[in-house]
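Q: In this note's numbering, the protein residues as written are 152 to 462. Where is the CB? At the ideal position from N, CA and C, for every residue including glycine. Note that the structure is a prediction, hence the values are computed from the model and not measured. Have a look at this one before I ask anything.
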Amino acid sequence: PYVNTKDILEKANKEYYAVAAFNINNLEFLQAIVEGGIEKKSPLIIETSEGAMKYAGMGDPLRGASLFVKMVREFADSLDIPIALHLDHGKNFKYIISAIKAGYSSVMIDASDKPLEENIKTTKDIVRIAHAAGVSVEAELGKLAGIEDNVASSESVLVNPDEAKYFVEETQVDFLAPAIGTSHGAFKFKGEAKLDFDRLKKVKELTKMPLVLHGASSVVQEMVEIAENYGADFGGSKGVPSDILKETVRLGINKVNTDTDLRMAFVAGLREFLHNNPKEFDPRKYMDTAKAYVKKVVSDRLELLGSANKA
Ligand SMILES: O=C(COP(=O)(O)O)NO
Ligand SMILES: [Ca+2]
Ligand code: NA
Ligand SMILES: [Zn+2]
152 PYVNTKDILE
162 KANKEYYAVA
172 AFNINNLEFL
182 QAIVEGGIEK
192 KSPLIIETSE
202 GAMKYAGMGD
212 PLRGASLFVK
222 MVREFADSLD
232 IPIALHLDHG
242 KNFKYIISAI
252 KAGYSSVMID
262 ASDKPLEENI
272 KTTKDIVRIA
282 HAAGVSVEAE
292 LGKLAGIEDN
302 VASSESVLVN
312 PDEAKYFVEE
322 TQVDFLAPAI
332 GTSHGAFKFK
342 GEAKLDFDRL
352 KKVKELTKMP
362 LVLHGASSVV
372 QEMVEIAENY
382 GADFGGSKGV
392 PSDILKETVR
402 LGINKVNTDT
412 DLRMAFVAGL
422 REFLHNNPKE
432 FDPRKYMDTA
442 KAYVKKVVSD
452 RLELLGSANK
462 A
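Right, here's the structure in full:
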């Protein structure tokens with residue numbers, strides 16, 4: 152069934168597991184993610200960025216939002232696993248309202264680059280509108296390093312746990328993304344991978360609410376090797392190691408945003424297939440390996456996060 156993200160996350164919060172939120176831009180990634188969810192009997196959160204809405208809608212975000220709602224609902228309404236659709240990194244009022252209007256389960260208002268009081272004000276505005284429409288809301292505190300939402304934010308500003316408690320009380324958001332040292336993309340750490348578990352623990356104690364980890368891809372070595380075998384150059388790529396990811400779930404992370412790992416799996420499969428099948432031009436064939444690798448990464452992640460058999 153098509154459900155509200157909050158329902159999925161409240162259950163995960165109670166039982167201390169996490170649900171992956173997988174980004175999509177097209178049909179093939181959605182198919183692969185859904186196949187993984189069916190195999191693992193796991194709830195799924197499908198999420199799209201504002202860029203994905205524009206891409207799918209060929210420039211028209213409302214058309215893109217409505218297309219994604221129709222695609223996801225088509226799968227969700229016909230399956231036993233709960234599936235939600237979430238707007239990731241909402242920053243542009245028009246896009247956020249388009250997602251709500253189109254029927255998204257939840258929206259993120261990302262005003263984390265603004266001073267606290269401004270982040271609170273903006274978030275409160277969105278919460279008022281979204282809640283009136285039965286849509287749940289995610290917000291972010293602190294800044295991820297690396298490329299965040301197309302804007303290179305060089306320094307990462309880690310969450311202040313006391314601020315987090317004040318923020319959620321003031322805004323009434325449904326789930327919160329505390330920055331604890333991750334960043335988006337495939338180049339997360341220069342040296343050793345390290346997250347601020349202490350801050351995460353404090354945020355959980357103070358808020359007791361479902362928490363979100365952004366920049367949570369692991370950069371799966373197996374996929375890096377296949378892709379590089381067939382011409383990719385992912386030198387220097389490094390993600391969140393599985394044991395560190397598991398620790399964040401033990402400490403209270405309940406939604407784990409995963410985009411990069413699926414992108415790398417897809418391109419690994421595509422490169423491998425095209426290299427080995429020079430005569431093929433049927434898209435149902437040449438994207439087959441790509442989809443199979445995405446499904447594999449999805450299935451492994453659902454298992455790792457503890458959401459398998461929680462549908
Ligand atoms: O935070 C993410 C995705 O992070 P990754 O690049 O680590 O997949 N989306 O909002
Ligand atoms: Ca942000
Ligand atoms: Na999000
Ligand atoms: Zn993110």
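Shortest alpha-carbon distance to residue 362 belongs to which of 164, 451, 215, 448?
A: Residue mapping note: residue 362 aligns to position 211 of the sequence shown, counting from 1. Here the closest residue by C-alpha is 164.
Q: Are the CB atoms of residue 286 and residue 255 within a distance shorter than 8 Å?
A: For the purposes of this step, residue 255 is taken as the residue at position 104 of the sequence shown. For the purposes of this step, residue 286 is taken as the residue at position 135 of the sequence shown. Yes; because the gap between Cβ atoms is below 8 Å, this pair is in contact.
Q: Using beta-carbon positions only, say whether residue 421 and residue 438 come within less than 8 Å of one another.
A: Sequence index remark: in the sequence shown, residue 421 carries index 270 (1-based). Sequence index remark: in the sequence shown, residue 438 carries index 287 (1-based). It is a contact, given that the beta carbons lie within the stated cut-off.
Q: In chain order, what residues of the same chain have a beta carbon less than 7 Å from the beta carbon of residue 309, not counting five sequence neighbours either side?
A: Against the sequence shown, residue 309 aligns to sequence position 158. So the list reads 293, 330, 331, 332, 347, 350, once near-sequence residues are dropped.
Q: Go ahead and label residue 216 buried or exposed: buried means 16 or more other beta carbons lie within 10 angstroms of its beta carbon, across all protein chains shown.
A: Along the sequence shown, one-based indexing puts residue 216 at 65. That one is buried.
Q: Under the DSSP definition of a beta bridge, which residues are partnered with residue 408?
A: Along the sequence shown, read from residue 1 onward, the residue named residue 408 stands at position 257. 172.
Q: Alpha carbon to alpha carbon, how far is residue 321 from residue 339?
A: The residue you call residue 321 lines up with position 170 of the sequence shown. The residue you call residue 339 lines up with position 188 of the sequence shown. Cα-Cα distance, rounded: 32 Å.
Q: Residue range of the beta strand (DSSP E) that residue 195 falls in?
A: The residue given as residue 195 occupies position 44 in the sequence shown. Looking at the DSSP string, the run of the beta strand (DSSP E) that includes residue 195 is 195 to 199.
Q: Cα separation between residue 267 and residue 274?
A: The count along the sequence shown starts at 1 and reaches residue 267 at position 116. The count along the sequence shown starts at 1 and reaches residue 274 at position 123. Cα-Cα distance, rounded: 10 Å.
Q: Within 10 angstroms of the Cβ of residue 167, are there 16 or more other Cβ atoms? Answer buried if so, exposed if not.
A: Taking the first residue of the sequence shown as position 1, residue 167 is located at position 16. Looking at its Cβ environment, which holds fewer than 16 other Cβ atoms inside 10 Å, residue 167 is exposed.
Q: Sorted by chain position, which residues of the same chain lie with C-beta nearer than 7 Å to residue 315's C-beta, five sequence neighbours on each side aside?
A: Residue mapping note: residue 315 aligns to position 164 of the sequence shown, counting from 1. 292, 327, 329, 354, 357, 358.
Q: When the Cα of residue 160 is compared with those of 233, 222, 200, 186, which residue comes out closest?
A: Position 9 of the sequence shown, counting from 1, holds the residue named residue 160. Residue 160 has its Cα closest to that of 233, out of 233, 222, 200, 186.
Q: Residue range of the beta strand (DSSP E) that residue 365 falls in?
A: Within the sequence shown, numbered from 1, the residue matching residue 365 stands at position 214. It is not in any beta strand (DSSP E) - residue 365 carries neither H nor E in the DSSP assignment.
Q: Of the residues 236, 214, 459, which one's Cα is nearest the Cα of residue 224?
A: As a position in the sequence shown, residue 224 is number 73, starting the count at 1. With distances taken between Cα atoms, residue 224 lies closest to 236.
Q: In terms of alpha-carbon separation, which member of 392, 290, 242, 156 lies closest to residue 368?
A: Walking along the sequence shown from the start, residue 368 turns up at place 217. Nearest option by C-alpha distance: 392.
Q: So does residue 259 have its beta carbon nearer than 7 Å to some heavy atom of ligand 3?
A: Stepping through the sequence shown from its first residue, residue 259 is reached at position 108. Yes, the beta carbon of residue 259 sits closer than 7 Å to at least one heavy atom of ligand 3.
Q: Could you give the residue range of the beta strand (DSSP E) that holds residue 481?
A: With the chain represented from 152 up to 462, any question about residue 481 goes unanswered, as that position is not in the structure.
Q: Tell me residue 260's beta-bridge partners as DSSP assigns them.
A: Along the sequence shown, read from residue 1 onward, the residue named residue 260 stands at position 109. Residue 260 is bridged to 241, 290.
Q: Measuring straight from C-alpha to C-alpha, what distance separates residue 390 and residue 345?
A: In the sequence shown, residue 390 corresponds to position 239, counting from 1. In the sequence shown, residue 345 corresponds to position 194, counting from 1. If I take the Cα positions, the gap works out to 10 Å.
Q: Helix, strand or coil for residue 459, going by three-state DSSP, please let me know.
A: Along the sequence shown, read from residue 1 onward, the residue named residue 459 stands at position 308. Residue 459: coil per DSSP, three-state reduction.
Q: At what residues does the beta strand (DSSP E) containing residue 329 begin and finish?
A: Stepping through the sequence shown from its first residue, residue 329 is reached at position 178. First-last of the beta strand (DSSP E) with residue 329: 326 to 329.
Q: Counting pairs of Cβ atoms below 8 Å between the stretch 442 to 449 and the stretch 196 to 216, do you hit three or more?
A: Segments in contact, no.
Q: Can you name, in chain order, every residue of its own chain whose Cβ lies under 6 Å from the Cβ of residue 417, other than the five neighbours on each side?
A: Taking the sequence shown and counting its residues from 1, the one referred to as residue 417 is at position 266. Excluding sequence neighbours, residue 417 sits near 441, 445.
Q: By Cβ distance, which residues of its chain are closer than 8 Å to residue 337, with the 5 residues on each side in sequence left out?
A: Residue 337 sits at position 186 when you count from the first residue of the sequence shown. Cβ neighbours of residue 337 beyond the five flanking positions: 368, 370, 385, 388, 389, 390, 411, 415.
Q: CB-CB under 7 Å to residue 261, same chain, minus the five flanking residues each way: which ones, in chain order?
A: What you label residue 261 is simply residue 110 of the sequence shown in a count that begins at 1. 240, 241, 242, 291, 300, listed in sequence order.
Q: Taking the alpha helix (DSSP H) that residue 437 belongs to, which residues open and close that run?
A: Along the sequence shown, one-based indexing puts residue 437 at 286. 434 to 437 is the extent of the alpha helix (DSSP H) around residue 437.
Q: Quick one: what's got a C-beta closer than 6 Å to residue 212's C-beta in the same chain, skipping five residues either side?
A: Counted from its first residue, the sequence shown places residue 212 at position 61. So the list reads 204, 205, 246, 249, once near-sequence residues are dropped.
Q: Buried or exposed: which applies to residue 334, given that a residue is buried once 16 or more other Cβ atoms fall within 10 Å of its Cβ?
A: Here residue 334 refers to the residue found at position 183 of the sequence shown. Buried: at least 16 other Cβ atoms inside 10 Å.
Q: Applying the 10 Å Cβ sphere with the 16-neighbour rule, what's the burial state of residue 452?
A: Taking the sequence shown and counting its residues from 1, the one referred to as residue 452 is at position 301. So residue 452 ends up on the buried side.
Q: Assign residue 210 to buried or exposed, taking buried as 16 or more other Cβ atoms, counted over all protein chains shown, within 10 Å of its Cβ.
A: Locating residue 210 in the sequence shown gives position 59, where the first residue counts as 1. Under this definition residue 210 is an exposed residue.
Q: Does the distance from the CB of residue 449 to the CB of residue 187 come in under 8 Å?
A: The residue labelled residue 449 in the question sits at position 298 within the sequence shown. The residue labelled residue 187 in the question sits at position 36 within the sequence shown. Yes, Cβ-Cβ distance for residue 449 and residue 187 is below 8 Å.
Q: Taking Cβ positions, are residue 458 and residue 257 nearer each other than 8 Å?
A: Stepping through the sequence shown from its first residue, residue 458 is reached at position 307. Stepping through the sequence shown from its first residue, residue 257 is reached at position 106. Going by C-beta atoms, residue 458 is not nearer than 8 Å to residue 257.
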